[in-house]
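Visitor:
Residue numbers (full-length UniProt numbering): 1 to 940.
(1) Closest to residue 313 by C-alpha separation, out of 239, 324, 305, 75, would be which residue?
(2) Starting from the C-beta of residue 578, find all residues in its chain whose C-beta is less than 7 Å away, skip the five residues before and the five after it, and write them out in chain order.
(3) Rounded to the nearest angstrom, what separates residue 694 and residue 68 at their Cα positions?
(4) Sorted by chain position, which residues of the same chain lie with C-beta nearer than 8 Å to residue 458's C-beta, five sequence neighbours on each side aside?
(5) Between the C-alpha atoms of residue 18 and residue 188, what's the straight-line distance to the nearest angstrom?
(6) Residue 158 and residue 51: beta carbons closer than 7 Å?
(7) Pull up the distance between the alpha-carbon of residue 422 and that of residue 597, whole angstroms please.
(8) Could you say which of 222, 193, 268 lies nearest to residue 242 if we only look at CA atoms?
(9) Would you say residue 202 and residue 224 are within 7 Å of each other, going by their C-beta atoms?
(10) In the DSSP assignment, find the alpha helix (DSSP H) that holds residue 673 and state where it starts and stops.
(11) So if DSSP puts residue 313 in a beta bridge, which residue, or which two residues, is it bridged to?
(12) Would DSSP call residue 557 helix, strand or coil?
(13) In terms of residue numbering, what span does the alpha helix (DSSP H) encompassing residue 764 cover?
(14) Got a sec? Which residues, its chain only, sit under 8 Å from residue 9 by beta carbon, not counting five neighbours each side?
(15) Kindly say whether residue 345, judged by its beta-carbon, lies nearer than 7 Å to any beta-carbon of chain D.
(16) Under DSSP, the alpha helix (DSSP H) around residue 909 begins and ends at which residues?
(17) By DSSP, does residue 917 sit in helix, in strand, or in coil?
(18) Return the CA-CA distance between residue 170 and residue 214, expressed in angstroms with no decimal places.
(19) Can you give me the start and stop residues for the alpha helix (DSSP H) that residue 813 sits inside?
(20) Based on the DSSP output, what are the partners of residue 633 in its beta bridges?
(21) Spatial neighbours of residue 659 within its chain, please: C-beta separation below 7 Å, excluding the five flanking residues on both sides.
(22) For residue 375, which three-state DSSP category applies?
(23) With H, G and I counted as helix, E and B as strand and the rest as coil, what does DSSP make of residue 51?
(24) Tell me, to the nearest whole angstrom, how far the beta carbon of residue 128 is from that of residue 112; I am working on the premise that it is less than 8 Å.
(25) Do residue 429 and residue 467 have their CB atoms nearer than 7 Å?
(26) Please classify residue 229: does DSSP put it in a helix, a strand, or coil?
(27) Using a 10 Å radius around the Cβ and a threshold of 16 neighbouring Cβ atoms, would you call residue 836 buried or exposed?
(28) Considering just the uninterrupted stretch of the alpha helix (DSSP H) at residue 833, what are its terminal residues?
(29) Rounded to the nearest angstrom, what separates residue 115 and residue 37 at their Cα positions?
(30) If you measure between the beta carbons of residue 143 and residue 66, is that distance less than 7 Å?
(31) What is the rounded straight-line gap between the Cα of residue 190 and the Cα of residue 483?
(32) Could you please give the first and the last residue of the uninterrupted beta strand (DSSP E) stretch that includes residue 649?
(33) In the DSSP assignment, what are the bridge partners of residue 189?
(34) Is residue 822 a contact residue of the ligand ADP, with contact defined as CB to any heavy atom under 6 Å?
(35) Terminal residues of the continuous alpha helix (DSSP H) containing residue 614?
(36) How is the alpha helix (DSSP H) around residue 659 delimited, first residue to last?
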């Protein structure tokens, strides 16, 4: 709506009748206009309303109103009462023409300038222009505007109502439609783009953001002209004319056809060669066409057992090419029928290859014995020659291997000879490798069908293969067979048993040996002690470095400049949104520093419309991270502060947050691997404690995991804002403030005493999360219930299959007296001992936990099977209802049948996860035990 162009009556509704009055007048340029005026300043208690006609909002959510008006100065009106005003009120009413939801105020509008003299020519009037906006609008298709006068002498010269939009645009060869702005002035509206004709996507998704001012910003993704089309004027893809071509998608221009080629159509992606000219397989579309080379010459073949060496000379006629290449085609023929040939299978090896050869020789191995082959050499790829070659026989595969004996450092193996030796066996080749390191294999040879492999690692599995050799060469390797060395403890135990047997049969001899041994000990020096090396941290630094709070700087931006590296935004490429943070979106992207290799990164951005305080708080996390340099702390790559959007760039952690990663891989890791992950977290926290930094929000959700399962402490942005209220139930407590109650020590909840000791309490909760594969601490208890339970000395029970030593570590971290809790160096040392002694992680799982053993909430640590009456109830108690149809469909329809289930049954049913199988079999074993004891209860 724009009353500046109106020539007829506006027809607005005024109330009461003696209030607002529509008149014709002139603006400051003496143009005829329709205005409304009111001037009842001599009468008290004025309340004059003016309602516009219905205005269709056309799907806009935020509306702008521009008002041009004049106001008479009350001081210039003689004998006026005290009710004179120099302001008026603006309202709006959402409606669907027939139904209204109620009138809403927009603003009280005052004049910047008022006038005290009236000149009917309008030359001395002081015209004010004010713009107001309101929204979001959603209750009707349109609205009315209302003006309220409470006793002013004024005129409405013009009212213009409008909304803002981003116009349709073609950018980066993508078309973006006209887009209305959002409901708030700071809103960003995503517009999806589509490639213009004859263009194709380069990066997806293709989108632009429309800001509240109707301006496009933050382009993501792009298109480019496809093959056969070139960019014209930046936003059009024009077809290549005849005689030209473009073979690739992108910004390049059409090129003239190469020599001896032509194109007779528009939009050609390739120029065809003229008659008598050709291109080779490796030729590029821009290369010239050449004539046919002749066949290769003087081919020589040398057969050595199952290996063949082919050599030849270059063709006499090269066709004016200097880049000839050769392809070698292999076909296997039956010895009885030379014409019945088939392509060689993939087991045949070609060195350096069988296609695109630059040299005039090739070595072909792993051929079959007593078999005829034909080999065809192609040249660019028109000329060719064929040769027929017969290969001798090699021995067949060794069928099986047996382990004769084993120690902690070696094992002895034997095997039968091949079923078809095809000659005299000269010797055997044995290849073996640690199953965790396939690339590092070792090879030994033996003239007999047995071998002793020595120099192995204790308690390690090795994959072993063997093959036989005759005068025709080596046969194929046998399939991988896995053999295990004993651990040191197992070997000592076995050795002790053997010594006991020997001692039992040689009693008299033992006595003599004992006397000799005593004599030797008495004359020997002190017994040497065995020490274990400390596990490497992967980080060391001289001296002690202390964390500096960036908020102690008079200018926090100075802390950013000191601790964070500024990155050129041209080196950063945003790829996709992977989440949202407190200040804006989080993206996955790539960083290509000048002169360095491109790396994947995570990019946190600061949303548009931020305040200076929000920017300072956002960058404070970079000022904190930039001070840390340790393998288990998330690494800061740098910041972008000199252009928009403002970014914090960190290393990219492929597996995301630890809690969700564990839930996705429930039961898939051995306990010692989980301990290794916990050790990494503790190492990072030890580093922070040594720097006098308190994290305050240590939880599995704030631990990130990379592709090598290295855990790194992250999220340093919230630790300073624990007094700000929030609606997030993770952080809100009934005491007020922003606290992650389930992870926070009681003194920190009650008195805000955050120290490294409170971080140790949080670490105990993280340990419980890891061992329960991401279960929520304290389950569905409310925050207040958690606080009350901890005050009553309740502590979380051990998760299923959690070793006692790990749960005892949790309980130590949850000591009420913070001075009694272990320090992070102590925790790292404890975990190192567990890793060096894996046997300590195997015993005592699922036992009654020390401490508050009679708290009613302890029953929540394991499923309650006492009230289970059906298969559905049983699966629900185990939280595995996803397998209901599989169990019932496989015939396991009752609990007595369930008690007979085996691991093979679970595999057949479709329960493939090791953790789920173990949980189900443990429950089945418990139910069998209850049936045998005829007892309805089950111990915790």
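Just so you know, even glycine gets a beta-carbon here, dropped at the ideal spot from N, CA and C.
Guide: Reading from the atomic positions:
(1) For the set 239, 324, 305, 75, the Cα lying nearest the Cα of residue 313 is the one of 324.
(2) If the five residues before and after residue 578 are omitted, its C-beta is found closer than 7 Å to the C-beta atoms of 586, 587, 588, all from its own chain and listed in chain order.
(3) Distance between the alpha carbons of residue 694 and residue 68: 58 Å.
(4) Answer for residue 458: 408, 409, 485, 486, 487, 488, 491, listed in chain order.
(5) Here the alpha carbon of residue 18 sits roughly 46 Å from the alpha carbon of residue 188.
(6) Their beta carbons are not under 7 Å apart, which means residue 158 does not touch residue 51 by this criterion.
(7) Inter-residue distance for residue 422 and residue 597 is about 54 Å (C-alpha atoms, whole angstroms).
(8) Of 222, 193, 268, the residue nearest in Cα terms is 268.
(9) Yes, these two residues count as a Cβ contact at 7 Å.
(10) First-last of the alpha helix (DSSP H) with residue 673: 671-690.
(11) BP columns for residue 313 point to 297.
(12) In the structure shown, residue 557 sits in a helix (DSSP, three-state: H, G or I).
(13) Looking at the DSSP string, the run of the alpha helix (DSSP H) that includes residue 764 is 756-771.
(14) Taking C-beta separations shorter than 8 Å and ignoring five residues to either side along the sequence, the partners of residue 9 in its chain run 22, 34, following chain order.
(15) The chain inventory of the structure shown lacks chain D, comprising one protein chain alone.
(16) Residues 903-909.
(17) When DSSP states are grouped into helix, strand and coil, residue 917 belongs to the helix group.
(18) Residue 170 and residue 214 have their C-alpha atoms spaced approximately 16 Å apart.
(19) In the DSSP assignment, residue 813 falls within the unbroken alpha helix (DSSP H) covering 804-813.
(20) Partner residues in the beta bridge of residue 633, as assigned by DSSP, are 713.
(21) Contacts found: 700, 701, 769, 774.
(22) In the structure shown, residue 375 sits in a strand (DSSP, three-state: E or B).
(23) Judged by DSSP in its simplified three-state form, residue 51 adopts strand.
(24) So it is a contact: roughly 5 Å between Cβ atoms.
(25) The answer is yes: Cβ separation under 7 Å.
(26) Note: residue 229 maps to strand in three-state DSSP.
(27) Exposed, because fewer than 16 other Cβ atoms sit within 10 Å of the Cβ of residue 836.
(28) Note, residue 833: alpha helix (DSSP H), 824-836.
(29) Going from the Cα of residue 115 to the Cα of residue 37 covers about 15 Å.
(30) Residue 66 is positioned such that its CB atom lies no closer than 7 Å to that of residue 143.
(31) Taking the straight line joining both Cα atoms gives about 59 Å.
(32) Residues 647-651.
(33) Answer is 210, bridged to residue 189.
(34) Absence of the ligand ADP is noted for the structure shown, with no ligands found whatsoever.
(35) Residue 614 -> alpha helix (DSSP H) spans 612-625.
(36) Segment 658-664, the alpha helix (DSSP H) holding residue 659.
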